[in-house]
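One structure below.
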Amino acid sequence: MTPLLQVQDLHVRFGPKEVVRGVNFSIAAGEKLALVGESGSGKTITALSLLRLAGNAAITGQATLQGRGDLLALTEREMRGVRGGDIAMVFQEPMTALNPLMTIGLQIAEILQLKKGLTGAQCAQAAIELLAQTGIPEPARRANSFPHQLSGGQRQRAMIAMALASSPKLLLADEPTTALDVTLRGQILDLLSDLQRQTGMAVLLITHDLNLVRRFADRVAVMEQGVLVEQGPVAEVFGAPQHAYTRRLIASQPRRDVVESDPPAGTAPVVKTQDLRVVYPTPLPGIKGWFKKGEFVAVQGATLQLLPGQTLGVVGESGSGKSTLAQAILGLLPYAGQLQVGGQAWQQPAMRNTPANQQLRRRVQVVFQDPFSSLSPRLTVEEIVGEGLKVHEPTLTVAQRRMRVEAALEEVGLAEAQYPRLLERYPHEFSGGQRQRLAIARALIVQPQVLVLDEPTSALDVTIQQQVLGLLQRLQKEKGLSYLLITHDVDVIRAMAHDVVVMKDGAVLEGGSVNDVLDAPQHPYTQRLVAAATVPGIG
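Just so you know, we're using this note's numbering here: the sequence shown kicks off at 24 and counts up by one.
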């Protein structure tokens, strides 16, 4: 059987650097192939090269598309017929891929007019039908909406509708669910599967998420550093991986390894909230000035407790209020209700820098989601990690502070012996995983009781995620730290947490031990959250 697309000996080079080396694969009509690998593996560049959209790259090899011939040998005019016609693409972040100045309906109509030659009225009707096909509610109304007026999931559905407008033979889906919450990921993946069955198009899914591959693809091709190291049916490759890198990827999936902790009954919690409420003022439509503000309740009546040496997971989708809850606990937002850290309440407003609040800030520190944006690019490692000591232990000499910085770095696996000039380096000189270790060292150096971990691994590749989770578990065991783990990833909660609370729309819906809540969820929302994170047939 002739494949729809046959890629042979594909090489991609940027100047002297070869980023894709001798890649070979094929896709049959109606097949779903996943191209999987970590950041920098070359998977996205491979896909962009097929459309000749890899910037100023030098591309060699063959990419033969049924009915078109070798894509790499076509003229630019011929390629314009392929792009958005025979081959369409869905990008990771729809907000950057959609035109913010055009309505969704007009953007779809533009493709229909260009590729199918429909009239204006036909385009408008077909755009509404495509939006309906992708499951957008009130498609006629949404066709007149601008991208910023849609939710993240709706924007991605609109992107898929645009891709389908030309009835492509092949859809390139580049991390189509990475920017979405876990329940939306499942919905978009199911939508792509349904549309693929209805239209008979082939799909090349580009991802780093192995659970998505298991759930969606027929075959998988694994890339490492520009080389395709292994490919075959999903069940075979994941069931009996042949290459060491594939085995390492599979082994890096979060697995339950909770630090043993059994505080005696009656142990005082290190963090306790009772009926905690956080409200943001919002302007009312049509009313200007300082008065008559509305209210947005970001956290409503949250009650929870975190015990010494344990991890409390707070799980929920974007907008659930979990990060706002964390900021209140950190003393970064005004709140109502009761909140104690180590038996002590913040002096209101919590943002005030009173001596009592200063002591509390030392007890509870934070590690943010993206270390690249949370570490100052202008400061050296020594200045970043030692910053807290200047505030909380100002009497230390420069030499004493340096010793403490070196000790903190060694605790997180960054020793001077391994990294020459470590203290003099800047954040951009480190990988994502190393930067997150720097962020953890910065938090640990003031010897806190509690670490608030706000999505600490979601910006990292899967193998690096596992390393950082392992580091956090080791530090908890050695130091008796308590963690408040904020995440949307149910697998990370299972791997790390003793207890969990589930949040939606600012409210705590359910709470208890991880086993009780995630293995036997009572609330319908928790059931949906767990189901979305579960891959059928995978234990």
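Ideal placement from N, C-alpha and C gives every residue a C-beta, glycine not left out.
Opposing strand residues paired with residue i [DSSP bridges]
i: residue 357; result: DSSP lists no partner for residue 357.
i: residue 29; result: 49, 87
i: residue 229; result: 58, 197
i: residue 251; result: 246
i: residue 82; result: 35
i: residue 457; result: Answer by DSSP bridge pairing: none, since residue 457 is not bridged.
i: residue 367; result: 364
i: residue 522; result: 335, 536
i: residue 112; result: 195
i: residue 409; result: Answer by DSSP bridge pairing: none, since residue 409 is not bridged.
Residue from the options whose Cα sits closest to the Cα of residue i
i: residue 488; options: 205, 273, 112; result: 273
i: residue 138; options: 197, 164, 109; result: 109
i: residue 563; options: 390, 396, 430; result: Because the chain is modelled from 24 through 562, residue 563 falls outside the range shown and cannot be assessed.
i: residue 60; options: 554, 329, 253; result: 253
i: residue 395; options: 383, 454, 413, 70; result: 454
i: residue 304; options: 226, 318, 35; result: 318
i: residue 339; options: 528, 43, 75, 49; result: 528
i: residue 261; options: 233, 284, 288, 285; result: 233
i: residue 504; options: 479, 166, 471; result: 471
i: residue 412; options: 401, 51, 400, 426; result: 426
i: residue 406; options: 417, 428, 386; result: 428
i: residue 437; options: 462, 173, 419; result: 462
i: residue 28; options: 221, 469, 194, 447; result: 194
i: residue 403; options: 383, 445, 378; result: 445
i: residue 95; options: 120, 118, 69; result: 69
i: residue 496; options: 435, 350, 398, 107; result: 435
i: residue 276; options: 198, 172, 480; result: 480
i: residue 271; options: 245, 173, 296; result: 245
i: residue 81; options: 155, 48, 38, 478; result: 38
Under 8 angstroms between C-beta atoms of residue i and residue j
i: residue 183; j: residue 200; result: no
i: residue 219; j: residue 55; result: yes
i: residue 207; j: residue 334; result: no
i: residue 531; j: residue 347; result: no
i: residue 460; j: residue 450; result: no
i: residue 240; j: residue 57; result: yes
i: residue 186; j: residue 105; result: no
i: residue 475; j: residue 483; result: no
i: residue 159; j: residue 181; result: yes
i: residue 537; j: residue 521; result: yes
i: residue 385; j: residue 415; result: yes
i: residue 352; j: residue 387; result: yes
i: residue 294; j: residue 46; result: no
i: residue 198; j: residue 64; result: no
i: residue 380; j: residue 369; result: yes
Own chain partners of residue i with C-beta closer than 7 angstroms, once the 5 adjacent residues on each side are dropped
i: residue 93; result: 85, 86, 87
i: residue 169; result: 123, 126
i: residue 291; result: 366
i: residue 226; result: 55, 194, 196, 215, 219
Buried/exposed call for residue i, threshold 16 Cβ in 10 Å
i: residue 144; result: exposed
i: residue 374; result: exposed
i: residue 560; result: Residue confidence for residue 560 is low, a pLDDT of 39 falling below 50, so the modelled location carries little weight; the figure read from the coordinates is stated next. With fewer than 16 other Cβ atoms within 10 Å, it is exposed.
i: residue 78; result: exposed
i: residue 76; result: exposed
i: residue 25; result: exposed
i: residue 343; result: buried
i: residue 101; result: exposed
i: residue 400; result: exposed
i: residue 43; result: buried
i: residue 40; result: exposed
i: residue 542; result: exposed
i: residue 161; result: exposed
i: residue 258; result: exposed
i: residue 478; result: buried
i: residue 500; result: exposed
i: residue 321; result: buried
Residues of its chain near residue i, where Cβ-Cβ distance is below 6 angstroms and the 5 sequence neighbours each way are ignored
i: residue 135; result: 141, 146, 149, 188
i: residue 562; result: Any reading at residue 562 is ruled out, since the residue's pLDDT is 36, under 50, leaving its predicted position unreliable.
i: residue 544; result: 550, 553
i: residue 524; result: 327, 337, 531, 534
i: residue 519; result: 334, 508
Same chain, Cβ closer than 8 angstroms to residue i, neighbours up to 5 away in sequence not counted
i: residue 371; result: 357
i: residue 203; result: 175, 176, 179, 211
i: residue 546; result: 525, 532, 533
i: residue 89; result: 25, 26, 27, 28, 52, 192
i: residue 50; result: 26, 27, 28, 56, 193, 225, 227
Residue i beta carbon near the ligand MN (any heavy atom closer than 7 angstroms)
i: residue 195; result: The model on display carries no ligand, and the ligand MN is accordingly not part of it.
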